[in-house]
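Here the protein sequences line up with chains A and B, keeping their order.
Quick note: the first sequence uses our numbering, first residue 1, plus one each step.
Quick note: the second sequence uses our numbering, first residue 231, plus one each step.
Number of protein chains: 2
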Amino acid sequence: MARLPEYLRALHNLAETGHETVSSEGLANAAGVNSAKLRKDLSQLGSYGTRGVGYDVGLLIDQIEYVLGLTQRRAVALVGVGNLGHALAGYDGFASRGFRIAALFDADQERVGEEISGLVVRHVDELPRVAAEESIAIGVIATPAAAAQRVADQLVAVGVTSILNFAPCVLTVPEGVDVRKVDLAIELQILSFHEHRKASLTALPATGGSALTALSGGLAVSEGQEAIGT
Amino acid sequence: MARLPEYLRALHNLAETGHETVSSEGLANAAGVNSAKLRKDLSQLGSYGTRGVGYDVGLLIDQIEYVLGLTQRRAVALVGVGNLGHALAGYDGFASRGFRIAALFDADQERVGEEISGLVVRHVDELPRVAAEESIAIGVIATPAAAAQRVADQLVAVGVTSILNFAPCVLTVPEGVDVRKVDLAIELQILSFHEHRKASLTALPATGGSALTALSGGLAVSEGQEAIGT
DNA sequence: AGGCGCTTGTGAAGACGTGCACAAATCGCG
DNA sequence: CGCGATTTGTGCACGTCTTCACAAGCGCCT
Ligand SMILES: NC(=O)c1ccc[n+]([C@@H]2O[C@H](COP(=O)([O-])OP(=O)(O)OC[C@H]3O[C@@H](n4cnc5c(N)ncnc54)[C@H](O)[C@@H]3O)[C@@H](O)[C@H]2O)c1
Ligand SMILES: NC(=O)c1ccc[n+]([C@@H]2O[C@H](COP(=O)([O-])OP(=O)(O)OC[C@H]3O[C@@H](n4cnc5c(N)ncnc54)[C@H](O)[C@@H]3O)[C@@H](O)[C@H]2O)c1
Numbered sequence: 001m002a003r004l005p006e007y008l009r010a011l012h013n014l015a016e017t018g019h020e021t022v023s024s025e026g027l028a029n030a031a032g033v034n035s036a037k038l039r040k041d042l043s044q045l046g047s048y049g050t051r052g053v054g055y056d057v058g059l060l061i062d063q064i065e066y067v068l069g070l071t072q073r074r075a076v077a078l079v080g081v082g083n084l085g086h087a088l089a090g091y092d093g094f095a096s097r098g099f100r101i102a103a104l105f106d107a108d109q110e111r112v113g114e115e116i117s118g119l120v121v122r123h124v125d126e127l128p129r130v131a132a133e134e135s136i137a138i139g140v141i142a143t144p145a146a147a148a149q150r151v152a153d154q155l156v157a158v159g160v161t162s163i164l165n166f167a168p169c170v171l172t173v174p175e176g177v178d179v180r181k182v183d184l185a186i187e188l189q190i191l192s193f194h195e196h197r198k199a200s201l202t203a204l205p206a207t208g209g210s211a212l213t214a215l216s217g218g219l220a221v222s223e224g225q226e227a228i229g230t
Numbered sequence: 231m232a233r234l235p236e237y238l239r240a241l242h243n244l245a246e247t248g249h250e251t252v253s254s255e256g257l258a259n260a261a262g263v264n265s266a267k268l269r270k271d272l273s274q275l276g277s278y279g280t281r282g283v284g285y286d287v288g289l290l291i292d293q294i295e296y297v298l299g300l301t302q303r304r305a306v307a308l309v310g311v312g313n314l315g316h317a318l319a320g321y322d323g324f325a326s327r328g329f330r331i332a333a334l335f336d337a338d339q340e341r342v343g344e345e346i347s348g349l350v351v352r353h354v355d356e357l358p359r360v361a362a363e364e365s366i367a368i369g370v371i372a373t374p375a376a377a378a379q380r381v382a383d384q385l386v387a388v389g390v391t392s393i394l395n396f397a398p399c400v401l402t403v404p405e406g407v408d409v410r411k412v413d414l415a416i417e418l419q420i421l422s423f424h425e426h427r428k429a430s431l432t433a434l435p436a437t438g439g440s441a442l443t444a445l446s447g448g449l450a451v452s453e454g455q456e457a458i459g460t
């Protein structure tokens, strides 16, 4: 389930605040989801709630971390240490959430050798050797789109089966390899769509207006995320 | 539809390659989706394909850009010019996809006044004045989680109705305001989950193994993204 | 002009996710 | 010990999304 990480984060917050137990309602609130949905999700983990009381925060954290495979700290390789790569490499939020940036790679000789928060940037050709040493579990691609497919191929070649891709392009990978994409421009465009829809609706309250207005008003808007009402 | 931006990107690629028309199959391939799904999506835009030929690339681009509200270049305000904020501010991919970073804000006096790719960082208290001048459409939050809710409130106060949030926390906003969240750690954790699942499955081919194995094997894995097989 | 191959648009079926509503279970308290 | 308050776990119904499959439409070639 894609919501598990969200629950986990909320649980960690609760744990730091001193809570020992949470009701499904409380946790659902903190995670921004429906309480029934949350209970259904958690019931799939093997039922660790006590009726009348709620869920044991610590136990639930352990459960979710186990299911997510966070009991072992996974090694991440970051390829492409440019604008975005620098930010990622210097981000401490990964370490606190179960990951360890194990190596940085770039193709630019100017960047090779540079040290970023304790790690030295290596040439991408060294990937096979480093992968063998570090047992990389996840590869992150932060190169321009033109280079992304080649980098993906290289990652797959050294045995990486999970890739997080920041380049705005579709990657083709063998079956068994998971790819997730983060494209900020797409996020903005989805927001822009909503803006446009809102604007059209307020401008033409009941007329129906242009074909586009009817379209955007009548169509389902399900992007896997939605606004959280007050 | 959340897939429209993906189609748009693929279409721009095709246009640059000199294609004048595309079949649904071709475009679906380029965007990484099923062709039937793509046709159904496009049919909602008002049917601009020619049977036996395909879709006119240029026309389709115009259509999608109109629906997404990209005919006007929307102004984006970026709040929090730290590690990540710098990368975002210096990213030229926004400009080419219909957006204009109109202003940068930070609360740290040390950062106020700094110039990043032609824009001067302003203090977040100036937001009301600048928003009035620039008619900000979208706000991007790249502050620590602790400050995110306050910043969101400030953005809403000046009339922003679309927010892209990079901080790992749930934002509460009034109805009518859209929030999208990008949490990199969550992306990694989802990948980690798949890694764990794959490992469990290969380790215990048919036994069923632990409760967790049965769980992860039997449960639906739908995270809004999936691997693209070869 | 006619036929043929290709492509779109869509009906229908199935899978999936969501949320309500309620029974079962547990705790605390009198 | 029993009762009520509280909260979990889930059956069920509903709406949405996905995919297949195919008829209708279009252009090209003969
Ligand atoms: N900067 C952002 O905020 C941002 C936002 C969204 C998306 N992106 C995307 O992230 C990617 C990187 O963006 P950026 O701003 O960091 O670009 P950048 O040009 O600053 O950095 C790219 C880096 O990748 C390296 N590189 C190029 N080819 C390589 C190869 N084959 N192997 C290894 N390294 C290689 C380059 O040497 C460079 O250091 C781009 O695809 C961009 O579209 C960036
Ligand atoms: N750096 C990354 O790669 C990365 C990755 C994923 C998520 N994030 C998230 O993005 C956010 C920013 O990360 P970062 O690495 O840039 O952190 P950072 O500490 O480098 O930058 C945060 C910036 O926000 C500013 N700020 C703090 N409070 C503010 C306020 N009230 N108003 C305006 N500005 C304020 C700070 O002065 C600072 O410049 C964090 O929530 C982080 O979890 C970052």
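Just so it is clear, CB atoms sit at the ideal spot from N, CA and C, and this is done for glycine as well.
**Report entry** Test item: CB-CB of residue 271 of chain B and residue 233 of chain B under 8 angstroms
**Finding:** One-based indexing of the second sequence puts residue 271 of chain B at position 41. One-based indexing of the second sequence puts residue 233 of chain B at position 3. The Cβ-Cβ distance between residue 271 of chain B and residue 233 of chain B falls below 8 angstroms.
Query - Interface partners of residue 6 of chain A on chain B, CB under 7 angstroms - result: Position 6 of the first sequence, counted from the start, is the residue given in the question as residue 6 of chain A. In chain order: 416.
Query raised in the report: Hey, residue 185 of chain A and residue 323 of chain B are a contact pair by Cβ (cut 8 angstroms); roughly how many whole angstroms apart?
Result: Against the first sequence, residue 185 of chain A aligns to sequence position 185. Against the second sequence, residue 323 of chain B aligns to sequence position 93. So it is a contact: roughly 6 angstroms between Cβ atoms.
**Report entry** Continuous alpha helix (DSSP H) stretch holding residue 294 of chain B: start and end
**Finding:** Working through the second sequence from its first residue, we reach residue 294 of chain B at position 64. First-last of the alpha helix (DSSP H) with residue 294 of chain B: 287–297.
Query raised in the report: residue 250 of chain B by DSSP, collapsed to three states: which one?
Result: Your numbering for residue 250 of chain B matches position 20 in the second sequence. In the structure shown, residue 250 of chain B sits in coil (DSSP, three-state: anything other than H, G, I, E or B).
Query - residue 395 of chain B versus residue 378 of chain B: straight-line alpha-carbon distance, rounded - result: Locating residue 395 of chain B in the second sequence gives position 165, counting from the first residue. Locating residue 378 of chain B in the second sequence gives position 148, counting from the first residue. Going by the C-alpha atoms only, they are around 8 angstroms apart.
Query - Straight-line gap, residue 59 of chain A to residue 48 of chain A (C-alpha atoms, nearest Å) - result: Residue numbering aside, residue 59 of chain A sits at position 59 when the first sequence is read from its first letter. Residue numbering aside, residue 48 of chain A sits at position 48 when the first sequence is read from its first letter. Near 8 angstroms, if we compare the C-alpha coordinates of residue 48 of chain A and residue 59 of chain A.
Query raised in the report: When you compare each of B:339, B:347, B:338 and B:342 to residue 331 of chain B by their alpha carbons, which one comes out closest?
Result: Position 101 of the second sequence, counting from 1, holds the residue named residue 331 of chain B. It is B:347 whose Cα lies nearest to the Cα of residue 331 of chain B.
Query raised in the report: What three-state label does DSSP hand residue 234 of chain A in the structure shown?
Result: Because chain A is modelled from 1 through 230, residue 234 of chain A falls outside the range shown and cannot be assessed.
Requested in this report: Kindly identify the DSSP beta-bridge partner or partners of residue 140 of chain A.
Outcome: Looking up residue 140 of chain A in the first sequence gives position 140. Looking at the DSSP assignment, residue 140 of chain A forms a beta bridge with A:78 and A:164.
Query raised in the report: Within the 8 angstroms Cβ cut-off, does residue 428 of chain B reach chain A?
Result: The residue you call residue 428 of chain B lines up with position 198 of the second sequence. It does: the Cβ of residue 428 of chain B has a partner Cβ on chain A nearer than 8 angstroms.
Query raised in the report: Between the stretch 319–340 of chain B and chain A, which residues of the former have CB atoms less than 9 angstroms from a CB of the latter, in chain order?
Result: 320, 321, 323, 324, 326, 327, 328 and 329
Requested in this report: Answer yes or no: does any C-beta atom of chain A fall closer than 8 angstroms to that of residue 232 of chain B?
Outcome: Taking the second sequence and counting its residues from 1, the one referred to as residue 232 of chain B is at position 2. Yes, because at least one Cβ of chain A sits closer than 8 angstroms to the Cβ of residue 232 of chain B.
Query raised in the report: CB of residue 338 of chain B to nearest heavy atom of ligand 2: below 7 angstroms?
Result: The residue you call residue 338 of chain B lines up with position 108 of the second sequence. Indeed, a heavy atom of ligand 2 lies less than 7 angstroms from the Cβ.
**Report entry** Local Cβ density within 10 Å of residue 365 of chain B, reported as buried at 16 or more and exposed below that
**Finding:** Taking the second sequence and counting its residues from 1, one reaches residue 365 of chain B at position 135. It counts as exposed.
Report task. Could you tell me the distance, in whole angstroms, from the CA atom of residue 381 of chain B to the CA atom of residue 252 of chain B? Result -> The residue labelled residue 381 of chain B in the question sits at position 151 within the second sequence. The residue labelled residue 252 of chain B in the question sits at position 22 within the second sequence. Residue 381 of chain B and residue 252 of chain B have their alpha carbons spaced roughly 44 angstroms apart.
Query - residue 423 of chain B: CB within 7 angstroms of a non-hydrogen atom of ligand 2 - result: For the purposes of this step, residue 423 of chain B is identified with residue 193 of the second sequence, where counting begins at 1. No, the beta carbon of residue 423 of chain B sits no closer than 7 angstroms to any heavy atom of ligand 2.
Query raised in the report: Hey, is residue 381 of chain B close to ligand 3, as in C-beta under 7 angstroms from one of its heavy atoms?
Result: Questions concerning ligand 3 fall outside what the structure shown contains, since the ligands it does hold are ligand 1 and ligand 2.
Query - Nearest-angstrom beta carbon gap, residue 421 of chain B and residue 180 of chain A [assumed within contact, 8 angstroms] - result: Residue numbering aside, residue 180 of chain A sits at position 180 when the first sequence is read from its first letter. Residue numbering aside, residue 421 of chain B sits at position 191 when the second sequence is read from its first letter. About 6 angstroms; that satisfies the 8 angstroms criterion.
Query raised in the report: Between which two residues does the alpha helix (DSSP H) containing residue 317 of chain B stretch?
Result: Taking the second sequence and counting its residues from 1, one reaches residue 317 of chain B at position 87. Residues 313–319.
Requested in this report: Tell me whether residue 254 of chain B is buried or exposed, calling it buried when 16 or more other Cβ atoms sit within 10 Å of its Cβ.
Outcome: In the second sequence, the residue the question calls residue 254 of chain B occupies position 24. Buried is the call here.
Query - Where the stretch 275–301 of chain B meets chain A: residues whose CB sits under 8 angstroms from a CB there - result: For the stretch 275–301 of chain B, the residues whose beta carbon sits under 8 angstroms from a beta carbon of chain A are, in order, 275, 276, 296, 297, 298, 299 and 300.
Requested in this report: Go ahead and pull the three-state DSSP assignment for residue 232 of chain B.
Outcome: Working through the second sequence from its first residue, we reach residue 232 of chain B at position 2. Of the three classes helix, strand and coil, the one that applies to residue 232 of chain B here is coil, per DSSP.
**Report entry** Assumed close pair residue 131 of chain A, residue 158 of chain A - CB separation to whole angstroms, cut-off 8 angstroms
**Finding:** Taking the first residue of the first sequence as position 1, residue 131 of chain A is located at position 131. Taking the first residue of the first sequence as position 1, residue 158 of chain A is located at position 158. About 4 angstroms; that satisfies the 8 angstroms criterion.
Report task. For residue 51 of chain A, name the three-state secondary structure that DSSP assigns. Result -> Counted from its first residue, the first sequence places residue 51 of chain A at position 51. Of the three classes helix, strand and coil, the one that applies to residue 51 of chain A here is coil, per DSSP.
Requested in this report: Going by DSSP, name the residue or residues bridged to residue 123 of chain A.
Outcome: Sequence index remark: in the first sequence, residue 123 of chain A carries index 123 (1-based). Residue 123 of chain A pairs with A:106.
Query raised in the report: What is the rounded straight-line gap between the Cα of residue 335 of chain B and the Cα of residue 308 of chain B?
Result: Here residue 335 of chain B refers to the residue found at position 105 when the second sequence is read from its first residue. Here residue 308 of chain B refers to the residue found at position 78 when the second sequence is read from its first residue. Distance between the alpha carbons of residue 335 of chain B and residue 308 of chain B: 6 angstroms.
Query raised in the report: Of all Cβ atoms in chain A, is any one closer than 8 angstroms to the Cβ of residue 239 of chain B?
Result: The sequence position of residue 239 of chain B within the second sequence is 9, counting from 1. Yes - at least one Cβ of chain A is within 8 angstroms of the one on residue 239 of chain B.
Query raised in the report: How many angstroms separate the CA atom of residue 259 of chain B from the CA atom of residue 155 of chain A?
Result: Translated into the one-based positions of the second sequence, residue 259 of chain B becomes position 29. Translated into the one-based positions of the first sequence, residue 155 of chain A becomes position 155. Residue 259 of chain B and residue 155 of chain A: Cα-Cα distance of roughly 22 angstroms.
Query - C-beta contact flag for residue 329 of chain B and residue 188 of chain A at 8 angstroms - result: Counting from one through the second sequence, the residue named residue 329 of chain B turns up at place 99. Counting from one through the first sequence, the residue named residue 188 of chain A turns up at place 188. Yes. Within cutoff.
Query raised in the report: Would you say the beta carbon of residue 83 of chain A comes nearer than 7 angstroms to a heavy atom of ligand 2?
Result: The count along the first sequence starts at 1 and reaches residue 83 of chain A at position 83. No, Cβ of residue 83 of chain A sits at least 7 angstroms from all heavy atoms of ligand 2.
Query raised in the report: So, are the CB atoms of residue 287 of chain B and residue 249 of chain B less than 8 angstroms apart?
Result: Working through the second sequence from its first residue, we reach residue 287 of chain B at position 57. Working through the second sequence from its first residue, we reach residue 249 of chain B at position 19. Yes, the pair counts as a contact, with Cβ atoms nearer than the cut-off.
Query raised in the report: Can residue 80 of chain A and residue 143 of chain A be called in contact, C-beta distance under 8 angstroms?
Result: As a first step, residue 80 of chain A is located in the first sequence; it is residue number 80 there, counting from the start. As a first step, residue 143 of chain A is located in the first sequence; it is residue number 143 there, counting from the start. The answer is yes: Cβ separation under 8 angstroms.
**Report entry** Beta-carbon neighbours of residue 189 of chain A, restricted to chain B and to distances below 8 angstroms
**Finding:** Your numbering for residue 189 of chain A matches position 189 in the first sequence. Near residue 189 of chain A (Cβ distances below 8 angstroms), the residues of chain B are 234, 235, 238, 298, 300, 327 and 328.
Requested in this report: Would you list, in chain order, the members of the stretch 155–166 of chain A that have their beta-carbon closer than 7 angstroms to a beta-carbon of chain B?
Outcome: 161, 162 and 164
Query raised in the report: Which residues in the same chain have their Cβ closer than 8 angstroms to the Cβ of residue 121 of chain A, if we skip the five residues on either side of it in sequence?
Result: One-based indexing of the first sequence puts residue 121 of chain A at position 121. Hits under 8 angstroms: 81, 104, 105, 106, 111, 112, 113, 114 and 115.
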